[in-house]
Amino acid sequence: MLDLKFIRENPDVVKQGIENKNEKSRIDEVLELDKKRREILVIADELKSKRNRVSDEVAKLKKAKEDATALIEEMKGVGEDIKKYDDERINVEAELNNLLAYIPNLPHSSVPVGKSAADNVEVRRWLPEGYNLDDPTETPDHLQIGKNLKILDFERGTKISGSGFPLYMGDGATLERALFNFFLDFHLEHHGYQEVMTPFIVNRESMKGTGQIPKMEEDMYTCEKDGMYLIPTAEVPITNIYRNDVLEESSLPIKYCGYSPCFRREAGSYGKDTKGFLRVHQFNKVEMVKFAKPEGSYDELEKLVNDAEDILKALNIPYRVLMLCTGDLSFSAAKCYDIEVWSPAEKKWLEASSCSNFEDFQARRANIKYRRSDDKNLSLFIHLMDRDLQPVG
RNA sequence: GGAGAGAUGGCAGAGUGGUUGAAUGCGGCGGUCUUGAAAACCGUUGUGGGCUUAUAGUUCACCGGGAGUUCGAAUCUCCCUCUCUCCGCCA
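Start counting the first sequence at 326; every next residue gets the next number (my numbering).
This is the structure we're talking about:
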């Protein structure tokens, strides 16, 4: 969520940012509602002020054992008026908040303006010693390997749950477990992250806190009876660890790393990249989330990318780092690097990891602040960033 | 699932209709004293939203969340959530 005050004061900057992100702008409506809200607020506040004043008068008169019925009579209607204006304000606010929830984060100034994935910029690539991307040798894809070794059984996964629910067997299951175990151990040992294991089903407030709701509501698996959601990424529970909290500056940056299964309905995406692991309803992921001060957040983002690269180097996997252009950025991101690994079977780069800085966009939504140590009274929204990495796929 | 108890400021803990944004203690911050520190003493100490002739002033809201009663609610009524204790159930 963007800061309403910032929108009010910089409507053109906001509009331009949204346009660069290929999203639609409803800023004028927001500004109008914001104005309306403040007008109503002033009227209601004045009435409340009067009510408070007169109530004190009544209290004084009663204490002095004098007659207060005239004042009480005078105030009889005021309560109803206040309620009328408050109700009106609540309606306007609901409409306003609904609009705000659909306004994306603005791209950082260092992000190249572009329309689509074609405009993303390759920042660097790394290949193992002597690796040749143009090697024409036919390599079996993961489906074929999985079948040959009897370590993946998509057909039976479909029988158990439906399509898009992978079943790992024997060494396949062991490999999957070994990989996310390795990711976790590597980051804990070398990069100073703290491991967390979170609930995998969360409430609606948590989903709102990281912005999956309302925009992505259709893509979530729900437990309707309980009003709960299966997490689409561990980013949701990890970020919400500190929802409505004020952190101490000295504790920052906080670096969490956690494994979770991820559940996504992938509504409306059939027929596109649906082969094998490329787009499934349940997959495993190791997620990293940093809670940082605004000043250093872009340095932290670079480190986050480097941490991810270290893993791929350790596994000897060819990769490249892309900086996403404005048009390809996700709703909440201000800046994002994708790490793509080379698939020798498909002869193309496949996304393996995504490192985003959300700045204070999610922190404002989730109400996560920190208190500066030089000024105990000042609390600011912290900057959040996250990174995910999938074991197999 | 049934019965009971509870939820107040950073923490502990008063307050059951009228100057209560909230006693008191602890903690934090500033100061006095001291060569320095401790102790003692004095002062100060929440968040958010508005308005204005805007490093200030003023106002509104907030005592788990929501609705209600009232001229006036932390305090009374109703609903919800969560925590604790006891009973039942438990793949």
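Ideal Cβ positions, reconstructed from N, Cα and C, are used throughout, including at glycine.
Practice task
Between the Cα of glutamate 530 and those of Tyr518, Asp551, Glu514, spot the shortest distance and give me the residue it belongs to.
Solution key: Asp551
Problem - Buried or exposed (CB count within 10 angstroms, at least 16 for buried), leucine 513 - result: exposed
Problem - Alpha carbon of asparagine 702 to alpha carbon of asparagine 565, nearest angstrom - result: For asparagine 702, the pLDDT reaches just 42, beneath the cut-off of 50, and the residue's location in the model is therefore unreliable, although a value from the coordinates is still provided. The straight-line gap from Cα to Cα measures roughly 24 Å.
Problem - Rounded straight-line distance, which links the Cα of valine 403 to that of histidine 560 - result: At residue 560 the sequence reads glutamate, which differs from the histidine that was named. Using only the alpha carbons, I get a separation of about 48 Å.
Problem - Own chain residues within Cβ distance below 6 Å of glycine 482, not counting five before or after - result: Phe490, Pro491, Leu492
Problem - Bounding residues of the alpha helix (DSSP H) (the contiguous stretch that carries serine 783) - result: The structure shown does not extend to residue 783, since the chain is modelled only from 326 to 718, so the question has no answer here.
Exercise for the section: Verify whether the separation of the beta carbon atoms of valine 438 and asparagine 345 is less than 8 Å. Expected result: yes
Practice task
Starting from the Cα of alanine 592, find the closest Cα among Tyr567, Glu634, Pro586, Tyr546 and give me that residue.
Solution key: Tyr546
Exercise for the section: Kindly indicate which residue of Gly487, Ala419, Val448, Cys582 has the alpha-carbon position closest to the one of leucine 300. Expected result: Because the chain is modelled from 326 through 718, residue 300 falls outside the range shown and cannot be assessed.
Exercise for the section: Kindly identify the DSSP beta-bridge partner or partners of aspartate 663. Expected result: Leu647, Ser679
Handout entry: Three-state secondary structure (DSSP) of phenylalanine 525
Key = coil
Handout entry: Buried or exposed by the 16-neighbour rule on C-beta atoms within 10 Å, applied to proline 539
Key = exposed
Exercise for the section: Could you name the residues of the same chain whose beta carbon sits closer than 8 Å to that of isoleucine 343, not counting the 5 residues immediately before and after it, in chain order? Expected result: Lys349, Ser350, Ile352, Ile428, Pro429, Leu431
Handout entry: Closest by C-alpha distance to arginine 645, when choosing among Ile664, Ser657, Asn631
Key = Ile664
Exercise for the section: Reducing DSSP to helix, strand and coil, say where serine 380 ends up. Expected result: helix
Handout entry: Beta-carbon spacing of proline 586, tyrosine 456 below 8 Å
Key = no
Problem - Reduced DSSP category for proline 309 - H, G, I as helix; E, B as strand; rest coil - result: Residue 309 is absent from the structure shown; the chain starts at 326 and stops at 718.
Practice task
Using 10 angstroms around the beta-carbon of methionine 522, count the other beta-carbons present and answer buried if the total reaches 16, otherwise exposed.
Solution key: exposed
Handout entry: Which of helix, strand or coil DSSP assigns to serine 575
Key = helix
Exercise for the section: Report yes or no: do the segment 417-428 and the segment 626-636 share at least 3 C-beta pairs separated by less than 8 Å? Expected result: no
Exercise for the section: Could you check what DSSP says for glycine 583 in three-state terms: helix, strand or coil? Expected result: strand
Handout entry: Terminal residues of the beta strand (DSSP E) in which alanine 617 lies
Key = 607-617
Handout entry: DSSP three-state assignment for serine 488, whether helix, strand or coil
Key = coil
Handout entry: Residue closest to histidine 467, alpha-carbon to alpha-carbon, out of Arg589, Asn682, Arg697, Lys672
Key = Lys672
Practice task
Would you kindly check if the distance between the Cβ of lysine 615 and the Cβ of lysine 660 is under 8 Å?
Solution key: no
Handout entry: Burial state of valine 446, where buried means 16 or more other Cβ atoms lie within 10 Å
Key = exposed
Problem - Short Cβ contact (8 Å threshold) for valine 527 with isoleucine 485 - result: no
Practice task
State the DSSP-derived secondary structure class of tyrosine 554, mapped to helix, strand or coil.
Solution key: strand
Handout entry: Nearest-angstrom Cα separation, counted from alanine 443 out to aspartate 653
Key = 9 Å
Problem - Cα-Cα separation between proline 453 and aspartate 460, rounded to whole angstroms - result: 14 Å
Practice task
Name the two residues that bound the continuous alpha helix (DSSP H) containing glutamate 344.
Solution key: 336-345
Exercise for the section: Compare the Cα-Cα distances from arginine 590 to each of Thr558, Trp667, Asp570 and report the closest residue. Expected result: Thr558
Practice task
Determine the contact status of glutamate 574 and tyrosine 695, defining contact as a CB-CB distance below 8 Å.
Solution key: yes
Handout entry: Contact under 8 Å by Cβ, tyrosine 518 with isoleucine 693
Key = no
Problem - Environment of threonine 535 [buried if 16+ CB atoms lie within 10 Å] - result: buried
Exercise for the section: Tell me where the alpha helix (DSSP H) around arginine 697 begins and ends. Expected result: It is not in any alpha helix (DSSP H) - arginine 697 carries neither H nor E in the DSSP assignment.
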